[in-house]
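For the protein sequence lines, the chains are L and Z, in the order given.
Under our numbering, the residue at position 255 of the first sequence is numbered 255, and the numbers go up by one with no gaps.
Under our numbering, the residue at position 153 of the second sequence is numbered 153, and the numbers go up by one with no gaps.
C-beta: ideal position from N, C-alpha, C; glycine also.
Worksheet: the structure to be examined is printed underneath.
2 protein chains.
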Amino acid sequence: MSGSGEGQGKKTVTACVLLIGDEILSGRTKDSNLSHIAHQLNQIGIQVREARVIPDIEAEIVATVNEVRAKYDYVLTTGGIGPTHDDITADAVAKAFGVSIGPDPDAMALLQAHYAETGGDFTPARQRMARLPQGASMIANPLSKAPGFQIGNVFVMAGVPMVMHVMLDSLLSRLEGGASMLSRSLTASIGEGTIAEKLGEIQSRHADVSIGSYPYYRGREFGTSIVMRSVDSSALERAATDVAQMFAQLGVSAVEGEKT
Amino acid sequence: MSGSGEGQGKKTVTACVLLIGDEILSGRTKDSNLSHIAHQLNQIGIQVREARVIPDIEAEIVATVNEVRAKYDYVLTTGGIGPTHDDITADAVAKAFGVSIGPDPDAMALLQAHYAETGGDFTPARQRMARLPQGASMIANPLSKAPGFQIGNVFVMAGVPMVMHVMLDSLLSRLEGGASMLSRSLTASIGEGTIAEKLGEIQSRHADVSIGSYPYYRGREFGTSIVMRSVDSSALERAATDVAQMFAQLGVSAVEGEKT
């Protein structure tokens, strides 16, 4: 690989996203958290390399957290930190780290003030949301107050998307990004099968650019979006030039951007 | 556990879903395949116990397929079986099973006829889609013809949702379901924190029913949906009766069904 882009030389920083919850595996809930997290992490130079959806079963959470926290730079989890009996993520993460879990004075004070203000009872169930694993630090939740937490390289967030969004905003400054993944895309009304060989040749000439081919269908209208990704801006431009040239040679006009 | 429901005595059949594709991990594409697969499998008594999103990297696909096909009764994959260079799922699955991959005469004939009919060239790239691992059997694709395949307990499907849907329809009859997971749900305009303790007690009295609590928010409107799942219809009804009674005692009216 060679290149003069600014991404060169920076290290690759990776993340794994764990979506915790029976409701996603049963099909009840369509996850929308993964794509949001991936977009946000991408922007600060962190690549999501894997995601897993796992059930609300302690042994599964413990084993998975321990496997992926050793494998990736960061692990972000969503789901299972509410007040009910099926919210077992915090306890499971504590167990994964081999530490105890208990009420955190700051989190207790925060939630106590919140429920005093809103007129809700600060029930034992709600107090569960102020429990943190030993050594964990809070992730602020400006929306509904009950915090997420960080322990080691694992960041535990709520599953409700709008709560997850504010927690992610709260924690992003704690993450150290690496080389930013840049992307370019071109779309044309032509089938994948027609461009596949030329596109494969282009990929083989641009090893430092990842070239993806994504067909789309709109009733009778169809075509292909080519998405090019690289940490090297110069390499990316060279690949994009070749892809544009390929479309031109095939006599189809390509537009910047993608269709899904 | 005890119960008189018809699910009792049938074995539990499990599945893992692998969503293969860089585009899901980059946030470009929001997956909608998992919830569809989970719903369809649920209906025939197969429980999705885990899902993973992994990149278009051969070593990752090989390792993951081998791990999960040993762990679950069935593995269903989506993505990576098109004509372009980034479609590497078929080769990776062949490698996972330690078998060769090559053109399948039936698949070749099928695609040749399809392109003859539609006037497209049956290019070498498109011919790649007629390659099957040794010992695999085709999964029919009535929509765009290029088949998926089954090898052992692994079912390989396209990633484009409408193509995946018809492939899933084609393969469902090959799966042997176990006990059907039944569900009931009740929704009320009350916060999780208020019902958490009573709900936890209900869960502890109904070990053969999995009770999930899912808050929802609509601007200022909020509430909680309680989803109960069990293979035992009688146990499910008993739990639902207790949950309904809990809401009644709290003075809130509950409606059948869920909100998300």
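D91/L has its alpha-carbon roughly 11 Å from the corresponding atom of A59/L.
Apart from sequence neighbours up to five positions away, the residues of its chain that approach D31/L with a beta-carbon distance below 6 Å are L19 and I24, ordered along the chain. For G82/Z, at least one C-beta of chain L is nearer than 9 Å to its own C-beta.
Restricting attention to N153/L, T84/L and T77/L, the CA atom closest to the CA of A38/L is found in T77/L. For V13/L, the nearest beta carbon of chain Z is not closer than 9 Å to its own beta carbon. A distance below 7 Å between beta-carbons, with the five flanking residues on each side excluded, links K198/L to the following residues of its chain, in chain order: M246. In terms of CA proximity to P161/L, G80/L leads the group S100/L, G80/L and S234/L. In this structure, DSSP gives L110/L a helical state, which the three-state scheme calls helix.
Interface with chain L (9 Å Cβ-Cβ cutoff): I37/Z is included. When DSSP reads this structure, V255/L sits in a beta bridge with T187/L. The beta carbon of R126/L is closer than 7 Å to those of P83, L111 and Y115 in its chain, skipping five residues each way along the sequence. Residues Q127 and A130 of the same chain have their beta carbon placed closer than 8 Å to that of M108/L, with the five preceding and five following residues left out of the count.
In this structure, the beta-carbon distance from A254/Z to L186/Z falls below 9 Å. When only Cα atoms are considered, V68/L and I44/L end up about 21 Å apart.
The alpha-carbon separation between S210/Z and C16/Z amounts to approximately 20 Å. At a cut-off of 9 Å between C-beta atoms, V48/L counts as an interface residue with respect to chain Z. With contact defined as three or more Cβ pairs closer than 8 Å, the stretch 135 to 149 of chain L and the stretch 162 to 176 of chain L are in contact. At least one CB atom of chain Z sits nearer than 9 Å to the CB of Y217/L.
With respect to the C-alpha of Y74/L, the residue from V252/L, G177/L and I101/L having the closest C-alpha is G177/L. The DSSP assignment places complete alpha helix (DSSP H) segments of no fewer than 4 residues inside the stretch 158 to 214 of chain Z at 161 to 171 and 192 to 205, in order along the chain. Counting only runs of at least 4 residues, the stretch 18 to 73 of chain Z fully encloses the following alpha helix (DSSP H) elements, listed from N- to C-terminal order: 22 to 25, 33 to 43 and 58 to 71. Legend: CB atoms of the stretch 91 to 119 of chain Z lying less than 7 Å from CB atoms of chain L are not found in any residue. Within the same chain, Cβ atoms closer than 6 Å to the Cβ of E50/Z are found at C16, the five residues on either side in sequence being excluded.
Residue contact with chain Z for M162/L: present (Cβ-Cβ distance below 9 Å to some residue of chain Z). Collapsing the DSSP output to three states places R229/Z in a strand.
Taken atom to atom, the span from the alpha-carbon of V154/Z to that of E201/Z is near 40 Å.
Going by DSSP, F149/Z is part of no alpha helix (DSSP H) but of the beta strand (DSSP E) stretching over G148 to I151. Residues of the same chain with a CB within less than 7 Å of the CB of G257/L, apart from the 5 flanking positions on each side, are S185 and T187 in chain order.
Measuring C-alpha to C-alpha distances from V99/Z to each of G119/Z, Y72/Z, G135/Z and A70/Z identifies G135/Z as the nearest. Distance from the Cα of L168/Z is smallest, within the candidate group P142/Z, F97/Z, A70/Z and E192/Z, for P142/Z.
Residue pairing by DSSP places Y217/Z opposite F222/Z in a beta bridge. DSSP places S137/L in the strand class (E or B) of the three-state scheme.
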